[in-house]
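First the structure, in the form of structure tokens, and then the observations on it.
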Amino acid sequence: MRPIFLILMFSLFSPFAFAWDPEDETFDPTVFETIIDGSSRIGDPSPVYPKGSSVRGFTYVMGSKSPEAGVGVMVSLILTPDPAKPQAFAPGSAYLSADEAGKLAGWLRQGAELGKTEVINDQPGMGKWTIRYEAEHGVILTNDTGKESGDFVLSVPAAKKLAGAVEHAIKTAEAMP
Numbered sequence: 256m257r258p259i260f261l262i263l264m265f266s267l268f269s270p271f272a273f274a275w276d277p278e279d280e281t282f283d284p285t286v287f288e289t290i291i292d293g294s295s296r297i298g299d300p301s302p303v304y305p306k307g308s309s310v311r312g313f314t315y316v317m318g319s320k321s322p323e324a325g326v327g328v329m330v331s332l333i334l335t336p337d338p339a340k341p342q343a344f345a346p347g348s349a350y351l352s353a354d355e356a357g358k359l360a361g362w363l364r365q366g367a368e369l370g371k372t373e374v375i376n377d378q379p380g381m382g383k384w385t386i387r388y389e390a391e392h393g394v395i396l397t398n399d400t401g402k403e404s405g406d407f408v409l410s411v412p413a414a415k416k417l418a419g420a421v422e423h424a425i426k427t428a429e430a431m432p
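Under this note's numbering, the first residue of the sequence shown is numbered 256, with each subsequent residue one higher.
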């Protein structure tokens, strides 16, 4: 009886037993929830850091589809406020068309091979999002609102994982009715 109970226990809790690795470069769309540092995170996130900070944040990506706008992808950088910099610029979300999201995924996959700064999108009120690679830091996403700006760092493996999440969001949204 005890072995059956143990098998049932492990099968019931297996979705929560996902071993998250911050240097993993493969996005797993089957992961519903990840427990990191004792907290729950939605899906299989990539780690992201404000440039110059050791406070780790995470990504969240979601696709949508509407008759008016077509396929869209929201890429969010979710950061816990840094106690040392309480007024630091928060990154927010980039709302991308399917074309912009596809280009972003390609640039993220280039990682260290990304040769120049690329403009992801520029939306009034939402900021100008760019991507570049810096050898001493990694892949840098920048949001410049005109009043404030912030640089947010992904390791090359984390950038590749984020590319997989963006590609998955595009495919999922395209399949929506």
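For every residue, glycine included, the Cβ atom is placed at its ideal position computed from N, Cα and C.
Whole-angstrom distance between residue j and residue i, CA atom to CA atom
i: Trp275; j: Lys415; result: 15 Å
i: Leu400; j: Phe287; result: This sequence places Thr at residue 400; Leu is not what is there. Cα to Cα, Thr400 sits roughly 32 Å from Phe287.
i: Leu332; j: Ser301; result: 9 Å
i: Ser321; j: His423; result: 17 Å
i: Pro270; j: Phe282; result: In this prediction, Pro270 has a pLDDT of 49, which is less than 50 and means its spatial position is unreliable; what the coordinates show is noted afterwards. Going by the C-alpha atoms only, they are around 15 Å apart.
i: Val374; j: Thr285; result: 31 Å
i: Tyr304; j: Ala339; result: 14 Å
i: Gly293; j: Thr314; result: 17 Å
i: Trp362; j: Asp406; result: 16 Å
i: Glu235; j: Ala413; result: No statement about residue 235 is possible, as the shown extent of the chain runs from 256 to 432 and does not include it.
i: Glu391; j: Ala367; result: 11 Å
i: Ser295; j: Pro432; result: 30 Å
i: Met346; j: Leu334; result: Inspection of the sequence shows that residue 346 is occupied by Pro rather than by Met. If I take the Cα positions, the gap works out to 8 Å.
Whether residue i touches residue j by CB criterion (8 Å)
i: Ser326; j: Ala353; result: What sits at residue 326 in the sequence shown is Val, not Ser. It is a contact, given that the beta carbons lie within the stated cut-off.
i: Ala428; j: Gly318; result: yes
i: Glu278; j: Ser404; result: no
i: Thr372; j: Trp384; result: no
Any chain B beta carbon closer than 8 Å to residue i
i: Thr289; result: Protein chains in the displayed structure number just one, and chain B is not present.
Where residue i sits in the DSSP three-state scheme
i: Glu429; result: helix
i: Glu288; result: strand
i: Glu368; result: helix
i: Glu280; result: coil
i: Ser294; result: strand
Nearest-angstrom beta carbon gap, residue j and residue i [assumed within contact, 8 Å]
i: Asn376; j: Ala349; result: 6 Å
i: Ile386; j: Leu351; result: Contact flag wrong, Cβ pair sits at about 12 Å.
i: Val328; j: Ile395; result: Incorrect: roughly 20 Å between the Cβ atoms, too far for contact.
#### Entry: Residue ranges of each beta strand (DSSP E) within the stretch 379-426, 3 or longer
DSSP runs (the beta strand (DSSP E)) wholly in the stretch 379-426: 382-389, 393-399 and 404-409.
#### Entry: alpha helix (DSSP H) runs wholly inside the stretch 311-362, at least 4 long, in chain order
none
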